[in-house]
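Protein chains in written order, with my numbering: chain A, 1 to 341; chain B, 1 to 616. Idealized CB from N, CA, C, for every residue including glycine. A short write-up of the structure that comes next.
See the structure below:
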């Protein structure tokens, strides 16, 4: 008997597993998983079609807490594992959860190759600028001079600018959000899901045990508005307590101006499709304490429509069948040249 | 002129010349024609490591060895009866391979002052003229001159004319062994169909070579090698890497799965990737990853999604994949790891053969990490071994090592290929949601093979998480419980051990079931051991040969088989690896015969050791 059942609408709770969350109390990961679980039902993707893949690190425990298919793999390789999964199962919704050590250090190679191939997956890079799980060593995202367990005299590593790296690897979707702004994070997660291609989302995440307050000037009420720039497609770049400041381009050089001093047309209008300007935007990377520091931007910086590896791969298979016919195993075994004795 | 024909039971020809001389083509053409004629054959190409080494130098010499006979042939031959050399460097590099009294066919044009110098002959020394080759029969032919003369009216430039030199040599060898040139004419017509002027030129030179033998006023021998008593049937020629690739495709087809091969180029394994990438019309997905680690981890992702995951490499690449093999083992996902072994350690001898990665396959991982290991013993066996590796991976949900090596990977032999219907079934089924209301899915609940279900994404109700951290039995949840860890380590070992119930018992390949000496081999040493033991038995020695294909787990009766002989000899192209495992597991005082020169054993080396062992 055929029955038409109407599936009950899922809620965030349907994405919660029976495993107890084991992050440190106060960790930014709690907010991030909450936003991910909240957004999931809105994506209208059946749970069984969703796969979360992680590497190693605090954030990489994530899949155990998501009631979807999931894999907690080995250090740095989630991106490569997701590539193989997506290549063979293009219809799945694949999410990679990784940290700054996992994706920028040990897995740096796979990350850049994932981005240039543009598999249609989503990367959530939890950046806390520290190694948490191994208890407090500096990461490739830690600022120069960081005093950590392994750098008592200060780090002498010059850090990556993660999103500039991603844009350099020809990423087709580059965005940044933060653990302390749930509404913004949920919006960016939805945008990432909607983008066809590798969606790269850097999420500033506070490690309250080993690197507490690394991003507080961007995330806390008193300082957030003057130090951050929330970009939106088609809107001028403005920031400040009362949006009184704006960004103007002097040639290729961004300068901070008082909105009142310029005409609205003179401000930089954000265009997500402009790769050159996105390149400038991701390089707004000053320390807030620097003189004439530019505000740190958040939002979707760049999107591009480009073919995805898995689609090109499938297309070649279709083309091969149309040219040669569907593979015949006996013909393959026989080869082109036989003799009979 | 007196041109007598001598009957021979088997002949080894070694073609050698500059890598640009078309040596591989000459060799394969003669091989194909010879196989068509009904001889049994075995071939082995010997390429220089450099892609285009300087012309005329010893580093640039390319070789192709062919062994054919009116009897069964199991190796490419210990030493050559005939050495064809296109230049001085080819002579210098290969003369030690020629039997005393053997025939040298020398292209005199390749022995001018310049070539002699490039081959590092001292000034004034001319090997063809100073009597150094007196113990051989030398046939000197100015191949370039005759080729150019034959093509004088062709309108081709000298450079293009010279490219046909190999066809002259081929024609001449056809004459020498009473072979028809028809097969090669068909080949030339096909090969150059877009350039008809080259068809005419190549055929003309091929015929010129044949006619040279027929007409030249010189005492020259002809030979005849009658067809071999091989099993009736339809054959094709197959190289090991090609056979492995076809075996993998066949396994995917029989299992009804997508084949995904994540790999990174490495000698001598890359040809498997090349071959697989030709078969996209079978739904084969090849992924040339950014490195060896991505090669295997992408494959693990594909296996998680329900594909037949294959990763191919050689020793150094396998070393990089090690951590991920451990992950596949913890995830209990099917995965076939192909190692086409080469000389090691480190970069070692990339183009040379060795069997030195057995320990790596058996033990080269952190923690208690058992992985089944299967080794192919000949070029055509690469097909069956690869197929079997897939079967075990899929039926037992485990990574499996398939070991080949440079010798059989690049060697070729005739293959009485099977019909697809006769290949063993591969039973695969994805887990279905059969949960009752309120019941939780158990991703690590095992069946009678101790194998867990393959529940792939997309299966509603079976959402679950897997990972590399130790997991609780059945639920797969993270567990640091001490007793659970010990239990899980033991159950993963028991699963691999259990495979012994599902593989064939060890057989004796040749000789009596009990006796004085057992020669126990594995992998590519098969042909040399087979030949050596056969000869020794014919001469009345009490010796037998068993070849181990399943190296982990061993066949259940292996200990019993070994126990039936007074002595055990284990020849290996390494410093003694299988011997350690055999001694450890069965407490037998096995003796080793080890060669670590990047070269296969000659049958004579093994036979001498057999006689020495039996007479001491």
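A Cβ-Cβ distance of about 3 Å is found for the pair residue 28(A) and residue 179(A), placing them in contact under the 8 Å criterion.
The region 156-216 of chain B is shown to contain whole alpha helix (DSSP H) runs of 4 or more residues at 158-162, 165-176, 182-191, 196-215, in chain order. For the region 471-541 of chain B, the full-length alpha helix (DSSP H) segments reaching 4 residues or more read 482-498, 526-538 along the chain. Two segments are said to touch when three or more pairs of C-beta atoms, one from each, lie closer than 8 Å; by this definition the region 332-349 of chain B does not touch the region 101-118 of chain A. Under the 8 Å Cβ criterion, the region 262-275 of chain B does not count as touching the region 43-52 of chain A, having fewer than three qualifying pairs. Sequence-distant partners of residue 23(B) (beyond 5 residues in either direction) whose C-beta falls short of 8 Å from its own C-beta, in its chain, are 15, 16, 17, 62, 63, 64, 86, 166. Considering only beta carbons, no part of the region 137-168 of chain A lies closer than 9 Å to chain B. Interface flag for residue 339(A) against chain B is set, since a Cβ pair is found closer than 7 Å. For the region 465-493 of chain B, the residues whose beta carbon sits under 9 Å from a beta carbon of chain A are, in order, 465, 466, 467, 468, 469, 477, 478. Counting C-beta pairs with one atom in each stretch, the region 144-151 of chain A and the region 7-17 of chain A have fewer than three that are closer than 8 Å, which means they do not touch.
Between residue 109(A) and chain B, the shortest Cβ-Cβ separation is below 7 Å. At a beta-carbon threshold of 7 Å, the residues of chain B lying near residue 85(A) are 301, 302, 304, 305, ordered along the chain. Between the alpha carbons of residue 576(B) and residue 569(B) lies a distance of about 11 Å.
DSSP places residue 615(B) in the uninterrupted alpha helix (DSSP H) bounded by 603-615.
DSSP places residue 290(B) outside any alpha helix (DSSP H), giving it a letter other than H or E.
Scanning its chain for C-beta atoms nearer than 8 Å, with the 5 sequence neighbours on each side dropped, one finds around residue 63(A) the residues 52, 53, 54, 70, 71, 72, 97, in chain order.
Just so you know, the alpha carbons of residue 536(B) and residue 505(B) end up roughly 25 Å apart. Look at residue 232(B): its C-beta is under 7 Å from a C-beta on chain A. For residue 37(B), the uninterrupted alpha helix (DSSP H) run begins and ends at 23-37, by DSSP. If you draw a straight line from the Cα of residue 177(A) to the Cα of residue 132(A), it comes to about 20 Å.
Taking 7 Å as the threshold, the shortest C-beta distance from residue 556(B) to chain A does not fall below it.
Of the candidates 103(A), 81(A), 134(A), 102(A), the residue whose Cα lies closest to the Cα of residue 119(A) is 81(A). Relative to the Cα of residue 207(A), the nearest Cα in the group 158(A), 65(A), 127(A), 109(A) belongs to 127(A).
Taking 9 Å as the Cβ-Cβ cut-off, the region 260-274 of chain B approaches chain A at 260, 262, given in chain order. The region 261-269 of chain A and the region 235-248 of chain A touch, with no fewer than 3 CB-CB distances between them shorter than 8 Å. DSSP, read as helix, strand or coil, puts residue 397(B) in coil. Residue 442(B) and residue 495(B) have their C-alpha atoms roughly 18 Å apart. Annotation: residue 215(B) to residue 208(B) spans about 10 Å, alpha carbon to alpha carbon. When DSSP reads this structure, residue 10(B) sits in a beta bridge with 69(B).
With a cutoff of 7 Å on beta-carbon distance, residue 230(B) and residue 40(B) are scored as near each other. Beta-bridge analysis with DSSP links residue 261(B) to 286(B), 310(B).
Among the residues of chain A, none has a CB under 9 Å from the CB of residue 545(B); the nearest is roughly 25 Å distant. Residue contact with chain A for residue 36(B): present (Cβ-Cβ distance below 7 Å to some residue of chain A). Taking 4 residues as the minimum length, the alpha helix (DSSP H) runs contained wholly in the region 181-257 of chain A are 182-194, 216-219, 221-227, in order along the chain. Boundaries of the alpha helix (DSSP H) harbouring residue 309(A): 309-324, taken from the DSSP string.
Straight across, the Cα-Cα distance linking residue 134(A) with residue 57(A) is about 8 Å.
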